[in-house]
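**Q** In our numbering, the protein residues as written are 51 to 349. Got a structure for you, written out below as structure tokens; questions coming shortly.
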């Protein structure tokens, strides 16, 4: 679990993104309850983040409620090192090694190596690796060190199957009443997608984080802790491994954004059957991309 100050910093960054994506024309600012649900935190944490924004001259309280005073700047954000706990920092470095193509199946690495690169203790690294090894994608070597295993189609198929079951179940749990909060959250997500889409040639690498947020938002409606735990392995496979095939990254991102948008637009209009069909299309596309990446990654 994230430390309270780390959680507050993450929430502050999420709130900055929310403010940045508000339309230029005046709109109603989200309530603390709506923002808490959207960010997956308590109202107390949202309230503390809002007070930080007010102190920094980004928001103000008026007779009609909160309103932005200015657009957020890059310097308003907390850095990754400030928002990551030890385990998140280790995971981020580990994932980057795979994303950048430094580590491929068969790569042997040590706890000390990962500890040095992530500026963490070997104890924290060992805890992360032991926990991650339950997925069968890394294994402890008899004479020391760890090995990154080769992923196979059967494993990828099992993960894709579970992802579809979880997300389709979550979609069925989306509320039919009180749709104002869902519409507001969908609008914020749509704005983030359009932001990247408008400058996709130079910002496509930012999509992995947005993709993760989109799918976490969907499964959040299932309100199931095991679904959140399973998402770790989904993230690893879909956001890192298939990107070893770099020939079509921009186009894959363009297609994924379009498919996400179709789901979101259907959800905000209450067309649940259309949203379900659109999500099924996205799952099929992701499954093909994953299998293609596995093929190229093992080449």
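Just so you know, even glycine gets a beta-carbon here, dropped at the ideal spot from N, CA and C. The structure presented is a predicted model; accordingly, all values stated were derived computationally and were not measured.
Whose C-alpha, out of 251, 246 and 266, is nearest the C-alpha of residue 235?
**A** Considering only alpha carbons, the answer is 266.
**Q** How far does the alpha helix (DSSP H) with residue 124 in it reach, from first residue to last?
**A** Note, residue 124: premise wrong, no alpha helix (DSSP H); not H, not E.
**Q** Tell me whether residue 115 sits in a helix, a strand or coil according to DSSP, three-state version.
**A** Residue 115 falls in the strand class under three-state DSSP.
**Q** Could you check what DSSP says for residue 339 in three-state terms: helix, strand or coil?
**A** Helix at residue 339.
**Q** Using a Cβ-Cβ cut-off of 7 Å (strictly less than) and excluding sequence neighbours within five positions of residue 93, which residues of its own chain qualify?
**A** If we look at residue 93 and ignore the five residues flanking it on each side, its Cβ neighbours are 82, 83 and 86.
**Q** Who are the Cβ neighbours of residue 233 in its own chain at under 8 Å, not counting the five residues just before and after it?
**A** Hits under 8 Å: 318.
**Q** Leaving aside the five residues before and after residue 272 along the sequence, list all residues of the same chain whose C-beta is less than 8 Å from its C-beta, in chain order.
**A** For residue 272, where only same-chain residues beyond five positions count, the Cβ hits under 8 Å are 216, 219, 220 and 223.
**Q** Taking the alpha-carbon positions, what's the residue 128 to residue 64 distance?
**A** Rounded to the nearest angstrom, the two C-alpha atoms are 10 Å apart.
**Q** Assuming residue 337 contacts residue 210 under a Cβ cut-off of 8 Å, what Cβ separation, rounded to an integer in Å, is found between them?
**A** Right, their Cβ atoms sit about 5 Å apart.
**Q** Cutting at 8 Å between CB atoms, please list the residues of its own chain near residue 66, excluding the five before and the five after it.
**A** Cβ within range, chain order: 103, 108, 122, 126 and 127.
**Q** From the beta carbon of residue 101, is the nearest beta carbon of chain C less than 8 Å away?
**A** No chain C is present in this structure, which holds just one protein chain.
**Q** How many angstroms separate the CA atom of residue 329 from the CA atom of residue 315?
**A** Whole-angstrom Cα-Cα distance: 12 Å.
**Q** If you drop the 5 nearest sequence neighbours on each side, which residues of the same chain put their C-beta closer than 6 Å to that of residue 355?
**A** The structure shown does not extend to residue 355, since the chain spans only 51 to 349, so no value can be given for it.
**Q** What are the complete beta strand (DSSP E) segments, minimum 3 residues, inside the stretch 156-205?
**A** List check, beta strand (DSSP E) in window: 188-190 and 196-198.
**Q** In its own chain, which residues sit with a C-beta less than 6 Å from the C-beta of residue 277, not counting the 5 before and 5 after it?
**A** Contacts found: 216 and 269.
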